[in-house]
Amino acid sequence: MPTTETPVLVTGATGFVAAEIVKQLLEAGYRVRGTTRDVARSEADGHLAALSGAGERLELLEADLVDPGAFDTAVLGCEYVIHTASPFVLDVEDPQRDLVDPAVNGTTSVLESVSKTEGVRRVVLTSSFAAMSGEPKDSPWSEDDWNDVSSLDSGAYAYSKTMAERAAWDFMGDNDRSFDLVVINPTGVIGPSIVPRLNQSHSVFVSATNGEIPGIIDLSFPIVDVRDVAKAHILAMENPGAAGRYLCSAETRSMRQNFELLKEAGFGERYKLASLPLDNALGSVLVRLVSRTQPRGTRDFVRRSLGRNYELDRSKIRTELGLEFRDADQTVIDTMTSLENWGHLGKKTKVGAAPSRR
Ligand code: NDP
1 MPTTETPVLV
11 TGATGFVAAE
21 IVKQLLEAGY
31 RVRGTTRDVA
41 RSEADGHLAA
51 LSGAGERLEL
61 LEADLVDPGA
71 FDTAVLGCEY
81 VIHTASPFVL
91 DVEDPQRDLV
101 DPAVNGTTSV
111 LESVSKTEGV
121 RRVVLTSSFA
131 AMSGEPKDSP
141 WSEDDWNDVS
151 SLDSGAYAYS
161 KTMAERAAWD
171 FMGDNDRSFD
181 LVVINPTGVI
191 GPSIVPRLNQ
201 SHSVFVSATN
211 GEIPGIIDLS
221 FPIVDVRDVA
231 KAHILAMENP
241 GAAGRYLCSA
251 ETRSMRQNFE
261 LLKEAGFGER
271 YKLASLPLDN
281 ALGSVLVRLV
291 SRTQPRGTRD
301 FVRRSLGRNY
311 ELDRSKIRTE
321 LGLEFRDADQ
331 TVIDTMTSLE
341 NWGHLGKKTK
351 VGAAPSRR
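Residue numbers for the sequence shown follow this note's numbering, beginning at 1 and rising by one.
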């Protein structure tokens, strides 16, 4: 049951992860105040207004991460703030302007607005596993790790998330603040989306059905279901003992594992699933060569991830927040079913775009 009658602020409420957080907060009886840069676009998309309880307990305000003071009004009267807004796109024109500035300045801006009010008790920040994983290492990744390899020129999205999380901890510093900070670091988030627009982490599944990915590549992704990520944020908000960072991930899966599962589930009969076996030494040489023709963000991602396997230590989130993760096979199937229902599969929908038909 909700512990507060005051609204929970969710920044970037329209997005894939945040919309699921809004849904679960409303289901739990909370009042929710969401921010977006464009209320009219959100209303046209309609996914937030359609949520049960939205009519009575959801309000939307406009706020842009790069406008100083943009969150001053939004935080007023809130006890909890869940700061999720941050651009998640791999391919951008100008990484500083399009990724780092909104991620870092936006995080600082939200924390500054919070520190000007009395009421907020906790800020839960959506960081990323991208802020943890650096050079390959033998021991499992955990909350002790920081990404010290990404830069503006290589892995700019991961760099934006690292810098934003660092800025948040620096802001808290040793200051005696009237609120605390808890951080969730999800790995690749997939699972069913309540948002019609295509998000970055789902785009690889779409690319596998529209010819953009020619074959099965030697890539492994640690994944987590969006429903578990949303739950993690709410547990981190409600649990008085929650502290520090929480690596949030179900399992590391290879592209081959996912594709074999999808074929078994019948998706290969409806879509031309990539099948050329490129997850071998020769295939990886070819993939490296072809990646040179890709935009910088995609190229960096492929090169950095090719042939890597990620072992993760997920004990902190399990022990301290009591989170148990959903079955990863089901998450992969639910992802494809959701993308199919939104009409994205087999199409060349761009990240951030709405489906051409439902
Ligand atoms: P989406 O693109 O679906 O959502 C991102 C949200 O950020 C949008 O709703 C957008 O709101 C908001 N946003 C972007 N730029 C600005 C800006 N300049 N000012 C205000 N709001 C802005 O991405 P996800 O839901 O996938 O990601 C949400 C969060 O989770 C991000 O912080 C991301 O880094 C993190 N994350 C995601 C992972 C994933 O695999 N999906 C993995 C790990 C972390 P609007 O357009 O309405 O203004």
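By construction, the Cβ of each residue, glycine as well, lies at the ideal position given by its N, Cα and C atoms.
{"Check": "For Tyr-271, I'd like the list of residues in its chain whose CB is within less than 7 Å of its CB, leaving aside the five on either flank, ordered along the chain.", "Outcome": "Thr-209, Leu-345 and Gly-346"}
{"Check": "Alpha carbons only, please: which of Ala-18, Lys-161 and Leu-9 is nearest the one belonging to Val-104?", "Outcome": "Lys-161"}
{"Check": "Run the CB neighbour count on Leu-235, radius 10 Å, all protein chains shown included, and call it buried at 16 or more, exposed below.", "Outcome": "buried"}
{"Check": "With Leu-60 and Leu-48 assumed to form a contact (beta carbons below 8 Å), what rounded beta-carbon distance in angstroms separates them?", "Outcome": "7 Å"}
{"Check": "Just to confirm my understanding: we take Leu-219, look at its own chain, exclude 5 residues before and 5 after, and list those with CB closer than 6 Å. What are they?", "Outcome": "Met-255 and Ser-305"}
{"Check": "Would you report the Cα separation of Ser-142 and Asp-174, rounded to the nearest angstrom?", "Outcome": "23 Å"}
{"Check": "Which residues in the same chain have their Cβ closer than 8 Å to the Cβ of Pro-136, if we skip the five residues on either side of it in sequence?", "Outcome": "Arg-308"}
{"Check": "Does the segment 322-340 come close enough to the segment 257-269 to have 3 or more Cβ pairs within less than 8 Å?", "Outcome": "yes"}
{"Check": "Applying the criterion that 16 or more other CB atoms from any shown protein chain within 10 Å of the CB defines a buried residue, is Pro-240 buried or exposed?", "Outcome": "exposed"}
{"Check": "Please classify Arg-37: does DSSP put it in a helix, a strand, or coil?", "Outcome": "coil"}
{"Check": "List in chain order the residues whose CB is within less than 5 Å of at least one heavy atom of the ligand NDP.", "Outcome": "Gly-12, Thr-14, Gly-15, Phe-16, Val-17, Thr-36, Arg-37, Asp-64, Leu-65, Thr-84, Ala-85, Ser-86, Pro-87, Phe-88, Pro-102, Thr-126, Ser-128, Pro-186, Gly-188, Val-189, Asn-199 and Ser-201"}
{"Check": "Considering only their Cβ atoms, is the gap separating Arg-121 from Tyr-80 smaller than 8 Å?", "Outcome": "yes"}
{"Check": "Ser-151 to Ser-201, Cα distance in whole Å?", "Outcome": "20 Å"}
{"Check": "Determine the burial state of Leu-339: buried for a count of at least 16 other Cβ atoms within 10 Å of its Cβ, exposed for fewer.", "Outcome": "buried"}
{"Check": "Using the rule of at least 16 other Cβ atoms within 10 Å of the residue's Cβ for burial, across every protein chain shown, is Thr-319 buried or exposed?", "Outcome": "exposed"}
{"Check": "Is DSSP giving Ile-194 helix, strand or coil here?", "Outcome": "coil"}
{"Check": "Report the rounded CA-to-CA distance for Arg-358 versus Leu-51, giving the unit in angstroms.", "Outcome": "Low local confidence applies: a pLDDT of 45 at Arg-358 is under 50, so the model's placement there is unreliable, and no value is given."}
{"Check": "So, are the CB atoms of Tyr-157 and Leu-65 less than 8 Å apart?", "Outcome": "no"}
{"Check": "Hey, quick one: how far does the beta strand (DSSP E) through Val-10 stretch, first residue to last?", "Outcome": "8-11"}
{"Check": "What is the rounded straight-line gap between the Cα of Ser-249 and the Cα of Gln-257?", "Outcome": "17 Å"}
{"Check": "Within 10 angstroms of its Cβ, does Lys-23 collect 16 or more other Cβ (buried), or is it exposed?", "Outcome": "buried"}
{"Check": "Taking Ile-21 and Val-10 to be in contact with their CB atoms under 8 Å, please state how far apart those CB atoms are, rounded to whole angstroms.", "Outcome": "6 Å"}
{"Check": "On a CA-only basis, which of Ala-74, Gly-343, Pro-68 and Thr-6 is nearest Thr-36? Give me that one, please.", "Outcome": "Ala-74"}
{"Check": "Identify the continuous beta strand (DSSP E) that holds Arg-253 and give its terminal residues.", "Outcome": "251-254"}
{"Check": "Report, in whole angstroms, the separation of the C-beta atoms of Met-336 and Phe-205, which I expect to be a contact under 8 Å.", "Outcome": "6 Å"}
{"Check": "If we ignore side chains and look at the alpha-carbon of each, how far apart do Trp-169 and Glu-43 end up?", "Outcome": "34 Å"}
{"Check": "Identify, in the order they occur along the chain, each residue of the same chain with its Cβ nearer than 7 Å to the Cβ of Ala-19, setting aside the five sequence neighbours on each side.", "Outcome": "Ala-13, His-47, Leu-48, Ile-194 and Val-195"}
{"Check": "In angstroms, rounded to a whole number, what distance separates the CA positions of Arg-288 and Arg-303?", "Outcome": "7 Å"}
{"Check": "Run through the segment 22-66 for me and flag every whole alpha helix (DSSP H) of 4 or more residues, listed as ranges in chain order.", "Outcome": "39-45 and 54-57"}
{"Check": "Distance, Cα to Cα, Ala-130 vs Tyr-159?", "Outcome": "8 Å"}
{"Check": "Does DSSP put Val-110 in a helix, in a strand, or in coil?", "Outcome": "helix"}
{"Check": "Just to confirm, are Leu-282 and Pro-140 a CB contact at a threshold of 8 Å?", "Outcome": "no"}
{"Check": "Can you tell me whether Thr-293 is buried or exposed? The criterion is at least 16 other CB atoms within 10 Å of its CB, across all chains shown.", "Outcome": "exposed"}
{"Check": "Does DSSP put Phe-221 in a helix, in a strand, or in coil?", "Outcome": "strand"}
{"Check": "Excluding the 5 residues flanking Val-226 on each side, which residues of the same chain have their C-beta closer than 8 Å to its C-beta?", "Outcome": "Phe-16, Val-17, Glu-20, Val-189, Ile-190, Gly-191, Pro-192 and Ser-193"}
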